[in-house]
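Residue numbers (our numbering), protein chains in the order written: chain E, 416 to 840; chain V, 19 to 197.
Notes to accompany the following structure.
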Amino acid sequence: MAVHETHAAPRTVTPEQLTPPWVVDHLRKRWMGIAGLATILSFALYLYYSGTFEGRQQFFRAYLVGYIFCFGLMLGSTALLMLQHVTGGKWGLVLRRQLEAGTRTLPIVVLLFIPIIFGMQYLYPWAGSMPLDIHGQHALNVRADYLNAKWFVGRAAIYFVIWGIFIYLLNKWSLKQDVLPESPEAYNDLRLRFMRLGGGGLVVYAVTVSLAAIDWVMTLDPVWYSTIWGMLYMAGQALSTMAFMLVVLTLLAKYEPMKSLLRKTELHDNGKLLLAFVMLYAYLSFSQFIIIWSGNLPEEITWYLARTQHGWKPVMLLLVVIHFVIPFLLLLNRDLKKNPTRLRNVAILILFARVGEIFWQVNPNFKETSGITGHFNPNIMDMVLPIALAAIWITAFFYQLKKRPLLPAYHHLVPEILEPSHGAH
Amino acid sequence: MKPTGIYGVMAEFNTPDELVTAAHKAYAEGYRKMDAYSPFPIEALDEAIGIPKTILPWLVFFGGLFGGMAGYGLEYWTQVIHFPLIIGGKPLHSWPNFIPVWFETTVLGASLTAVIGMLGLNGLPLPYHPVFNIDRFLDHAQKDKFFLVIESKDPKFKLDSSKQFLSNLQAQGVWEVPN
Numbered sequence: 416m417a418v419h420e421t422h423a424a425p426r427t428v429t430p431e432q433l434t435p436p437w438v439v440d441h442l443r444k445r446w447m448g449i450a451g452l453a454t455i456l457s458f459a460l461y462l463y464y465s466g467t468f469e470g471r472q473q474f475f476r477a478y479l480v481g482y483i484f485c486f487g488l489m490l491g492s493t494a495l496l497m498l499q500h501v502t503g504g505k506w507g508l509v510l511r512r513q514l515e516a517g518t519r520t521l522p523i524v525v526l527l528f529i530p531i532i533f534g535m536q537y538l539y540p541w542a543g544s545m546p547l548d549i550h551g552q553h554a555l556n557v558r559a560d561y562l563n564a565k566w567f568v569g570r571a572a573i574y575f576v577i578w579g580i581f582i583y584l585l586n587k588w589s590l591k592q593d594v595l596p597e598s599p600e601a602y603n604d605l606r607l608r609f610m611r612l613g614g615g616g617l618v619v620y621a622v623t624v625s626l627a628a629i630d631w632v633m634t635l636d637p638v639w640y641s642t643i644w645g646m647l648y649m650a651g652q653a654l655s656t657m658a659f660m661l662v663v664l665t666l667l668a669k670y671e672p673m674k675s676l677l678r679k680t681e682l683h684d685n686g687k688l689l690l691a692f693v694m695l696y697a698y699l700s701f702s703q704f705i706i707i708w709s710g711n712l713p714e715e716i717t718w719y720l721a722r723t724q725h726g727w728k729p730v731m732l733l734l735v736v737i738h739f740v741i742p743f744l745l746l747l748n749r750d751l752k753k754n755p756t757r758l759r760n761v762a763i764l765i766l767f768a769r770v771g772e773i774f775w776q777v778n779p780n781f782k783e784t785s786g787i788t789g790h791f792n793p794n795i796m797d798m799v800l801p802i803a804l805a806a807i808w809i810t811a812f813f814y815q816l817k818k819r820p821l822l823p824a825y826h827h828l829v830p831e832i833l834e835p836s837h838g839a840h
Numbered sequence: 019m020k021p022t023g024i025y026g027v028m029a030e031f032n033t034p035d036e037l038v039t040a041a042h043k044a045y046a047e048g049y050r051k052m053d054a055y056s057p058f059p060i061e062a063l064d065e066a067i068g069i070p071k072t073i074l075p076w077l078v079f080f081g082g083l084f085g086g087m088a089g090y091g092l093e094y095w096t097q098v099i100h101f102p103l104i105i106g107g108k109p110l111h112s113w114p115n116f117i118p119v120w121f122e123t124t125v126l127g128a129s130l131t132a133v134i135g136m137l138g139l140n141g142l143p144l145p146y147h148p149v150f151n152i153d154r155f156l157d158h159a160q161k162d163k164f165f166l167v168i169e170s171k172d173p174k175f176k177l178d179s180s181k182q183f184l185s186n187l188q189a190q191g192v193w194e195v196p197n
């Protein structure tokens, strides 16, 4: 038995052996088809509904839900990528190239922001002509220097540039691990640079994602504010991204080279992280609720009243179940986290729950013309537009994923990944 | 009748791979009461020596359930039955307020069960173990060698044949372990 020799010799792999399988391109084509159909349908729906102010508003509400979801996948990829550079570990190594592909969808996410600029007046009370009560009017007068159309677009540009710088560097340096390092010192130097970029980047991320989440979602309500909002978005983006990346990882694991590279250990670790993010989101979400519920102040509690009345209560309860209870109970199970198919099913459920959660955050803000809070009356666009946006994003993701080997071949942890479980022969 | 005064037979291996392979073979041979010793955790070993899955997760689950119900019960009893007090104009049974304490007592119940259950199931602390009678074991088990012990409790255990079996697995050494 050759166990002795193979154990002693370091295991290596070349970038050529790590080429993404054909299925990546196949999925890109398939999602491109879905994206095309859903986009055409979206345009048709816009034409059909654009006759009235409410119709146009309905369109942009649905658009915003899809946009916030895709934006979360892109920025969540950036955050998790930086996190794995700071902490190290094999869990991040197997996801590394997927996360990088996710970050490189930034240009698409910037392009998709443009319709929001045109739809601003239908979405945000500070930009539009929506009827406001005296409190809302007062709040917007006070905040007018910050919440106005020009500065809103300016801030978005600043966020995108800042994220772009980090994404550019993370992806540029990563290519250096696809070639044999000149010396151990040069390699260590690169590792340290990655670590510093990631550490600093996470701080910048925390600030910018908070501001962006406030700009794009919280200001849908003229008065309401929550100081935990940014953290909710960080946890939500991490959860969406982890769920999405696990779906892709378990699909890739059906084909070489990931088939022989993905071990139960790393799959299990990433499943544990998914559970952690499910719990973190629920924890933060409940923290926000209990503080506002306990305080019971008119300018805060209305946000929850709008989301638990007029037909929204079943939606909220459903979200509690599919966003927390079911994934939490299922992911407690160790065998499930080691089973690619079952883990993927839970991750897909979480992705649907994430879209639902954003839908529930965005839509009750819109008041009917009579002045009462928005009723739960989903429109066909609420389904078509998120599908269109997600399909566009996923197409871009697979397009980027195909571009690079599935692992940085000369990463220092690759030999450990290549080491099979002991005695597995 | 099994030989008395013998805990089992021990074999020494140089690499984790050899240990796992040997454990697989011993299991295939029909041995069940055996244990493996290694300086670091080897994941494949659990399966190789065929130890049954631990019931600890279920104990922890029910410990947590008990802690949670006890915590919630305490809150309900104090707030609603024993000393009803209206706080912040809320109903007496204000379940959202109960959740933080309910959560904490769930964690308390689960973690206490985990620690106590772990100690109860693995028998620690254990001041004496027969394997310490082997000098090679004392010197190397925590450093650089890997050991497999077939215990005399095993129905298939026969001193001579078991020793012979382990020797055939290319062990570096085989010893009888006295009780």
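C-beta: ideal position from N, C-alpha, C; glycine also.
Predicted model only: the values in this text are computed from it and were never measured.
*Let me know the secondary structure DSSP gives V/D53 once reduced to three states.*
It is a strand residue.
*Apart from the five residues on each side of it in sequence, which residues of its chain come closer than 6 Å, Cβ to Cβ, to E/I765?*
Excluding positions up to five away in sequence, the list reads A658, P742.
*Assign E/S785 to one of three DSSP states: helix, strand, or coil.*
Summary for E/S785: the model assigns pLDDT 39, below 50, so the residue's position carries little reliability; its value from the coordinates is reported in the next sentence. In the structure shown, E/S785 sits in coil (DSSP, three-state: anything other than H, G, I, E or B).
*Member of E/I705, E/G517, E/G448 whose CA lies at the smallest distance from the CA of V/P114*: Looking at the Cα atoms, E/I705 is the closest of the given residues.
*Following the continuous alpha helix (DSSP H) through E/E469, name the residue where it begins and the one where it ends.*
Counting along the chain, the alpha helix (DSSP H) containing E/E469 begins and ends at 468-502.
*E/Y696 vs E/A650 beta-carbon contact at 8 Å*: Against a cut-off of 8 Å, the Cβ pair of E/A650 and E/Y696 comes out as a contact.
*V/F69, buried or exposed, once every other Cβ within 10 Å from all chains shown has been counted against 16*: According to the sequence displayed, residue 69 of chain V carries Ile and not Phe. With fewer than 16 other Cβ atoms from the protein chains shown falling within 10 Å of its own Cβ, V/I69 counts as exposed.
_I'd like the ranges of any beta strand (DSSP E) spanning at least 3 consecutive residues and lying wholly in the region 701-732 of chain E._
If only complete runs of 3 or more residues are kept, the region 701-732 of chain E shows no beta strand (DSSP E) anywhere.
*asked:* I'd like to know if E/I573 contacts chain B, where contact means its C-beta is closer than 8 Å to some C-beta of that chain.
replied: This model lacks chain B altogether, as its protein chains are E and V.
*Where the alpha helix (DSSP H) containing E/I580 begins and where it ends*: In the DSSP assignment, E/I580 falls within the alpha helix (DSSP H) that extends over 564-589.
*Evaluate the contact criterion for the region 449-469 of chain E versus the region 624-638 of chain E: three or more CB pairs, one atom per stretch, below 8 Å.*
Counting Cβ pairs under 8 Å, fewer than three are found: no touch.
*Hey, how far is the Cα of E/S655 from the Cα of V/P118?*
Going by the C-alpha atoms only, they are around 26 Å apart.
*Check whether the Cβ atoms of E/G487 and E/Q703 lie closer than 8 Å to each other.*
With a cutoff of 8 Å on beta-carbon distance, E/G487 and E/Q703 are scored as not near each other.
*Reference E/Q592, options E/T810, E/R512, E/L555, closest by Cα*: Distances from the alpha-carbon of E/Q592 to those of E/T810, E/R512, E/L555 put E/R512 closest.
*What are the complete beta strand (DSSP E) segments, minimum 3 residues, inside the region 90-140 of chain V?*
Within the region 90-140 of chain V, no complete beta strand (DSSP E) run reaches 3 residues.
*So, are the CB atoms of E/L626 and E/Y574 less than 8 Å apart?*
In this structure, E/Y574 lies closer than 8 Å to E/L626 by Cβ.
_I'd like to know if V/P57 contacts chain E, where contact means its C-beta is closer than 8 Å to some C-beta of that chain._
Closer than 8 Å to the CB of V/P57 there is not a single CB belonging to chain E.
*Residue range of the beta strand (DSSP E) that E/I765 falls in?*
Segment 755-777 is the alpha helix (DSSP H) holding E/I765; no beta strand (DSSP E) there.
*V/I134 versus chain E: which residues are under 7 Å apart at the beta carbon?*
The premise fails here: V/I134 is roughly 20 Å from chain E at the closest Cβ pair, so nothing lies under 7 Å.
_For E/M545: DSSP bridge partner residues_ = Looking at the DSSP assignment, E/M545 forms no beta bridge with any residue, so it has no partner.
*Using the Cα positions of E/D440 and E/V624, report the straight-line distance between them to the nearest angstrom.*
E/D440 and E/V624 have their C-alpha atoms some 31 Å from each other.
*Distance, Cα to Cα, V/G26 vs E/V770?*
Approximately 60 Å between the Cα atoms of the pair.
_Just to confirm, is the Cβ distance from E/L496 to E/T518 under 8 Å?_
Going by C-beta atoms, E/L496 is nearer than 8 Å to E/T518.
_Check whether E/M660 and E/H500 have beta carbons under 8 Å apart_ = Note that the C-beta distance between E/M660 and E/H500 is not below 8 Å.
*Below 6 Å CB to CB, which residues in the same chain sit around E/L635 once its five sequence neighbours on both sides are set aside?*
N780, listed in sequence order.
*Counting only the same chain and skipping the five closest in sequence on each side, list residues whose C-beta sits under 7 Å from that of V/N185.*
For the record, residue 185 of chain V in the displayed sequence is Ser; it is not Asn. Excluding sequence neighbours, V/S185 sits near V192.
*Where E/A824 falls: helix, strand or coil (DSSP)*: Here E/A824 sits in coil by DSSP.
_Interfacial residues, the region 138-154 of chain V to chain E, with Cβ spacing under 7 Å_ = Considering only beta carbons, no part of the region 138-154 of chain V lies closer than 7 Å to chain E.
*Take the Cβ of V/K71 as the centre, count every other Cβ of all protein chains shown within 10 Å, and call the residue buried at 16 or more, exposed below.*
Taking a 10 Å sphere around the C-beta of V/K71, we find fewer than 16 other C-beta atoms and assign the residue as exposed.
_Please tell me whether E/G481 and E/A805 are closer than 8 Å, where the distance is taken between their beta carbons._
Yes; because the gap between Cβ atoms is below 8 Å, this pair is in contact.
*Would you mind working out which of V/A54, V/S180, V/S112 sits nearest V/E36, comparing C-alpha positions?*
Comparing Cα positions, the closest option is V/A54.
*So what does DSSP say about V/A88, is it helix, strand or coil?*
DSSP places V/A88 within a helical segment (H, G or I) once states are collapsed to three.
*Do the CB positions of E/L821 and E/P672 come within less than 8 Å of each other?*
Contact flag set, yes.
*By the criterion of Cβ-Cβ separation under 9 Å, what are the contact partners of V/G106 in chain E?*
Those are S709, G710, N711, listed as they occur along chain E.
_Member of V/H111, V/K108, V/V78 whose CA lies at the smallest distance from the CA of V/L139_ = The residue with the shortest Cα to Cα distance from V/L139 is V/V78.
_Under DSSP, the alpha helix (DSSP H) around E/Y537 begins and ends at which residues?_
Judged by DSSP secondary structure, E/Y537 falls within the alpha helix (DSSP H) whose first and last residues are 521-538.
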